[in-house]
Amino acid sequence: MTDSQYSGLASIWREMDQTEKCALLQLKNWSEDRSLRDQFERHAEYSHNRLQGLLDDLEAAL
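1190 is the number that the numbering used here gives to position 58 of the sequence shown; each next residue is one higher, with no gaps.
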């Protein structure tokens, strides 16, 4: 990523409200925590897909 892309992401992050930030971080935790993925397989898949979608939206906004 270039400096301007990081700057754009930082700007988008600052514009998100607290609920959106918490949701994004929770989705990230779900998608990275192996024990949760193993326990809640479908939820982890949903979380991974949702996180990827949010990241794609952020990239598209740059």
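Using N, Cα and C, we set each Cβ at its ideal position, and we do this for glycine too.
Discussion item. Need the endpoints of the alpha helix (DSSP H) that ASP1135 sits in, please.
Written reply: Mapped onto the sequence shown, residue 1135 falls at position 3. Here the alpha helix (DSSP H) through ASP1135 covers 1135-1147.
Worksheet item: What separation, rounded to the nearest whole angstrom, lies between the Cα atoms of GLU1152 and ARG1146?
Response: As a working mapping, residue 1152 is identified with position 20 in the sequence shown. As a working mapping, residue 1146 is identified with position 14 in the sequence shown. Between GLU1152 and ARG1146, the C-alpha separation is close to 11 Å.
Practice prompt. Go through its chain and collect everything with a Cβ distance to LYS1160's Cβ below 7 Å, but skip five positions before and after it.
Written response: Position 28 of the sequence shown, counted from the start, is the residue given in the question as residue 1160. Cβ within range, chain order: LEU1183.
Discussion item. Assuming ALA1192 and ILE1144 are in contact, meaning their beta carbons sit under 8 Å apart, how far apart are those beta carbons, in whole angstroms?
Written reply: Along the sequence shown, one-based indexing puts residue 1192 at 60. Along the sequence shown, one-based indexing puts residue 1144 at 12. Actually they are not in contact, since the Cβ atoms of ALA1192 and ILE1144 sit about 11 Å apart, beyond 8 Å.
Item to complete: Would you tell me roughly how many angstroms separate the C-alpha atoms of ARG1174 and ASN1181, rounded to the nearest one?
Response: Residue numbering aside, residue 1174 sits at position 42 when the sequence shown is read from its first letter. Residue numbering aside, residue 1181 sits at position 49 when the sequence shown is read from its first letter. Taking the straight line from one Cα to the other gives about 11 Å.
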